[in-house]
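Number of protein chains: 2
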Amino acid sequence: MTGLLTDLYELTMAAGYFQAGKAGEQATFELSIRRLPADRSYLILAGVEQAIEYLLGLEFQEPEINYLRGLSAFRSVGDPFWDYLRTFRFTGDLWAAPEGTPVYAGEPVVRVTAPLPEGQIPETYLLAAITFQTLVATKASRMVGAAGGRAVVEFGTRRAHTAEAGVLGARAAYIGGCIGTSNVEAGYRFGIPVYGTSAHSWVLAFPSEREAFARLHEVLGEGTVYLVDTYDTEQGVRSAAATGGRFWGVRLDSGDLLAESRRARAILDEAGCREARIMASGDLNEHRIGELVRAGAPIDTFGVGTELATSADAPSMGSIYKLVEIESRPAAKFSPEKASWPGIKQVFRLADVDIVGLATETYPGTSLLEPVIQGGRRVREKESLEAMRRRAERPAGGRPVMHSRALEELVRAVRRGVS
Amino acid sequence: MTGLLTDLYELTMAAGYFQAGKAGEQATFELSIRRLPADRSYLILAGVEQAIEYLLGLEFQEPEINYLRGLSAFRSVGDPFWDYLRTFRFTGDLWAAPEGTPVYAGEPVVRVTAPLPEGQIPETYLLAAITFQTLVATKASRMVGAAGGRAVVEFGTRRAHTAEAGVLGARAAYIGGCIGTSNVEAGYRFGIPVYGTSAHSWVLAFPSEREAFARLHEVLGEGTVYLVDTYDTEQGVRSAAATGGRFWGVRLDSGDLLAESRRARAILDEAGCREARIMASGDLNEHRIGELVRAGAPIDTFGVGTELATSADAPSMGSIYKLVEIESRPAAKFSPEKASWPGIKQVFRLADVDIVGLATETYPGTSLLEPVIQGGRRVREKESLEAMRRRAERPAGGRPVMHSRALEELVRAVRRGVS
Chain R
0 MTGLLTDLYE
10 LTMAAGYFQA
20 GKAGEQATFE
30 LSIRRLPADR
40 SYLILAGVEQ
50 AIEYLLGLEF
60 QEPEINYLRG
70 LSAFRSVGDP
80 FWDYLRTFRF
90 TGDLWAAPEG
100 TPVYAGEPVV
110 RVTAPLPEGQ
120 IPETYLLAAI
130 TFQTLVATKA
140 SRMVGAAGGR
150 AVVEFGTRRA
160 HTAEAGVLGA
170 RAAYIGGCIG
180 TSNVEAGYRF
190 GIPVYGTSAH
200 SWVLAFPSER
210 EAFARLHEVL
220 GEGTVYLVDT
230 YDTEQGVRSA
240 AATGGRFWGV
250 RLDSGDLLAE
260 SRRARAILDE
270 AGCREARIMA
280 SGDLNEHRIG
290 ELVRAGAPID
300 TFGVGTELAT
310 SADAPSMGSI
320 YKLVEIESRP
330 AAKFSPEKAS
340 WPGIKQVFRL
350 ADVDIVGLAT
360 ETYPGTSLLE
370 PVIQGGRRVR
380 EKESLEAMRR
390 RAERPAGGRP
400 VMHSRALEEL
410 VRAVRRGVS
Chain G
0 MTGLLTDLYE
10 LTMAAGYFQA
20 GKAGEQATFE
30 LSIRRLPADR
40 SYLILAGVEQ
50 AIEYLLGLEF
60 QEPEINYLRG
70 LSAFRSVGDP
80 FWDYLRTFRF
90 TGDLWAAPEG
100 TPVYAGEPVV
110 RVTAPLPEGQ
120 IPETYLLAAI
130 TFQTLVATKA
140 SRMVGAAGGR
150 AVVEFGTRRA
160 HTAEAGVLGA
170 RAAYIGGCIG
180 TSNVEAGYRF
190 GIPVYGTSAH
200 SWVLAFPSER
210 EAFARLHEVL
220 GEGTVYLVDT
230 YDTEQGVRSA
240 AATGGRFWGV
250 RLDSGDLLAE
260 SRRARAILDE
270 AGCREARIMA
280 SGDLNEHRIG
290 ELVRAGAPID
300 TFGVGTELAT
310 SADAPSMGSI
320 YKLVEIESRP
330 AAKFSPEKAS
340 WPGIKQVFRL
350 ADVDIVGLAT
360 ETYPGTSLLE
370 PVIQGGRRVR
380 EKESLEAMRR
390 RAERPAGGRP
400 VMHSRALEEL
410 VRAVRRGVS
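Okay, here's the thing in structure tokens:
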């Protein structure tokens, strides 16, 4: 992975640390979410695998180094730093909570301990990778919860912020509980089940809807999902029912989904297609899904796109990656409303509370952060998406997060040291 | 570019067209924005170059084809289709408005004419590429407008939906008028000017802020931007001014930016650092920038991240890619609130109005859609980002969009044909 996928200041800081003789100093950085977005009582952690792969592959190619040398920001930087970059690898440690874990504001979810520049440079990439997938996994979890046992499929690649975001969003949505995605690359790369229906253009490409449906069934057989709203939805459902042969069902993609689904169900049942199912899509989110479910809409599967792929109501959140210790000295910033907590930490998950404490403390219960990379080598096997999904099932909702007394004392001591 | 970066149904539709003997039928699809997001009176088109590169590189590798063959959706699909995919290339035409062009709701901005499957498969990728970059370029244009001549730099990669979205978002922001980006890969790949300041962790990594600043200046010299809010902002500005030597200025990243910038300006001036500049950042958007500018805040440069990289108030918009003609037969869908316009179209930009008409019509003024790919070969040279930026300068704001009489007549004729 190219080392250039970062902000310029990460690299000028790395050069500065090197020139100041600090490139060998051991530093620890922690990534956490400062505040949950509105409407969220928990987050589903995702994106850690991409963070791992980034750290393990991080390097600078010669043309990239030549590019950097030409930048005015590096005009005072001498050859030794460029030699250093040439052989630059991540040689440190990564601790992380496993993907699919419900996590809360203020909890470190990823921790990097490494020589200072090796901890600094990854900041930008780690924040992007983990924040985005966590947003989407969380949104998926909320939609799946609202669907009350009905299936939710991720259909949002066209609305994702680049096709690559579509692939990784599909991964996150699957971790969060969706049964699959429309994104074929996500299926190919990650083994996620892929789903599809049919296109309005298919219907338009034939002289009539009936002919279009008949030809569709020849290709897709029992798996056929008829998109019935190209011209007139009710007529579309009748055409689907009249096509003959077994088929998966129909998809409603516009209009009043409650009324349309009831009408479609009645038409299908009347035509003897009791096993045909109904998929609904069209600007759905957890609130609209919840309304449809509570109203008893006869919808079997929800297809969600825009709102899921972009986490539309919260397309970003305040994640931070902060230096917490350097050469055994705890560190923290105290900017107004942006203070950080010093010290190498661990999250202890007890029965009814999470305690953020120092890593040297012990508590009963689970410790969320586990070693993944040590000395630049992976020490924890790549996990299956299924295992992550199981972890994300039935998230606990809101949960109190406390700080240990030792951590409270440390922050006071660091503040005193500064003032 | 892998053909798997798409939705499953695009590929099942392609297989269906192939099996139905329609793979050779000439089809035209048009991409347009159905509605502008709230608060927007225009859009700055971006992402076309990525669409071009996608189309020119589109192919299916053998392992990808093997993956598709294993999917249940393709169980009725025979070998001839897989042979077809093996040699699949885009052989059609692409017409597009140039990047940086202000565009409006309902205007086709990209038009693909190709054998039916070659027009169908790219839908997902083209929508993602163009919608996302257009959102960011538009947001950048609004921020740059609000800044009234002061510089705006894009700093949002950590908030982008994947690092790749950070790179392409930086590109779009530059087209929209930002002077540069913090994203180094965007600088390397696209030649965009890169900017950086310094890190809170730099300050934390030294025993005192004063020492941190002194060492920073040794590395960055005249380009040094001191981040002054790690402990106490006012003290930070004093430390910066006291460090000695010329430096770019200071960066305020928290607190009340109006008050802080005035205080910082006074301290810098008093210390004789009249040439030192002030950069401000921290959850800025076009509204907050406008307020600060109107209040006369002595801020020289705005650093914008989250709101720009995610187009936070409008992280998506309703873009569509619709079949408008097949084998010389105009086509349209009439779903409630989701109707599309039939026929191969052109956008005619007159002095005070845009007219969406049929491509066969002629009007005085500029025709927005220009040929870019013909017969699968690029016929328009890659354009510089500078040319795109110039096009985006001083966008016209809102602008009436009318349909030509010929187009109105066509849509009525197509509706009659269906009903």
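If you read the protein sequences in the order shown, they are chains R and G. When you line the first sequence up against numbering that gives the first Met the number 0, it's residues 0 to 418, in that order. When you line the second sequence up against numbering that gives the first Met the number 0, it's residues 0 to 418, in that order. We treat Cβ as the ideally placed atom computed from N, Cα and C, and that holds for glycine.
Simplified DSSP state of residue 138(G), which is helix, strand or coil
helix
Judging by CA-CA distance, which residue of 111(R), 308(R), 76(R) and 56(R) is the nearest neighbour of residue 345(R)?
111(R)
Within 9 Å (strictly less), CB to CB, does residue 231(R) reach chain G?
yes
Alpha-carbon spacing of residue 66(G) relative to residue 205(G), whole angstroms
53 Å
Please compile the residues from chain G whose C-beta is within a distance smaller than 9 Å of the C-beta of residue 197(R).
8, 11, 12 and 15
Give a yes or no on whether the minimum CB-CB distance between residue 343(G) and chain R is below 9 Å.
no
To be precise: take each residue of the segment 113–129 of chain R, compare its Cβ to all Cβ atoms of chain G, and keep it if any distance is under 9 Å. Which residues remain?
115, 118, 119, 122, 123, 124, 125, 126, 127 and 128
If contact means a Cβ-Cβ distance below 8 Å, which residues of the segment 211–222 of chain R contact chain G?
214, 215, 217, 218, 219, 220 and 222
DSSP-derived helix/strand/coil call for residue 19(R)
coil
Leaving out the 5 sequence neighbours to the left and right, which residues in its chain are closer than 7 Å to residue 300(G) when beta-carbon positions are compared?
149, 150, 152, 276 and 278
Does residue 351(R) get closer than 9 Å to chain G when you measure Cβ to Cβ?
no
Can you give the Cα-Cα distance for residue 117(R) and residue 47(R), rounded to whole angstroms?
17 Å
Pick helix, strand or coil for residue 234(G), following the three-state DSSP scheme.
helix
Any 3 or more C-beta pairs closer than 8 Å across the segment 20–28 of chain G and the segment 36–46 of chain G:
no
Near residue 266(R), what residues of its chain come up, given a Cβ to Cβ distance below 8 Å and the 5 sequence neighbours on each side ignored?
233, 236, 237 and 240
List, from N- to C-terminal side, the alpha helix (DSSP H) runs of 4 residues or more that fit wholly inside the segment 58–110 of chain R.
61–68 and 78–85
Between residue 406(R) and residue 102(R), is the Cβ-Cβ spacing less than 9 Å?
no
Quick one: list the residues of chain R neighbouring residue 201(G), beta-carbon separation under 7 Å, in chain order.
12 and 15
DSSP-derived helix/strand/coil call for residue 370(G):
strand
I want to verify the contact list: residues of chain G whose CB lies under 7 Å from the CB of residue 228(R), in sequence order.
334
Which value, in whole angstroms, describes the spacing of the CA atoms of residue 371(R) and residue 167(R)?
21 Å
For the beta strand (DSSP E) containing residue 320(R), name the first residue and the last one.
318–325
For residue 4(G), the nearest candidate out of 14(G), 58(G) and 15(G) (CA to CA):
58(G)
Rounded to the nearest angstrom, how far is the Cβ of residue 173(G) from that of residue 179(G), given a contact under 8 Å?
7 Å
By the 10 Å Cβ neighbour count, where 16 or more other Cβ atoms means buried, how is residue 418(R) classified, buried or exposed?
A caution first: residue 418(R) carries a pLDDT of 45, below 50, which makes its placement in the model unreliable, though a value can still be read off. Counting Cβ neighbours within 10 Å, residue 418(R) comes out exposed, since fewer than 16 surround it.
Run through chain G and tell me which residues come within less than 7 Å of residue 89(R), C-beta to C-beta.
Those within 7 Å of residue 89(R) in chain G number zero; the least Cβ separation is about 16 Å.
Taking 9 Å as the CB-CB cut-off, is residue 111(R) touching chain G?
no
Would you call residue 186(G) buried or exposed, if buried means 16 or more other Cβ atoms sit within 10 Å of its Cβ?
buried
Any idea what DSSP makes of residue 250(G), helix, strand or coil?
strand
Are the C-beta atoms of residue 48(R) and some chain G residue less than 9 Å apart?
no
Measuring only the C-alpha atoms, how far is residue 410(R) from residue 329(R)?
9 Å
Minimum length 4: unbroken alpha helix (DSSP H) runs contained in the segment 351–404 of chain G:
384–391
Going by other Cβ atoms of all chains shown within 10 Å of its Cβ, with 16 needed for buried, is residue 86(G) buried or exposed?
exposed
Run through the DSSP bridge pairs and tell me what residue 302(R) is partnered with.
152(R) and 280(R)
Go to residue 174(R), then tell me how far its alpha helix (DSSP H) extends in each direction, as first and last residue.
162–174
Could you name the residues that DSSP lists as bridge partners for residue 344(R)?
357(R)
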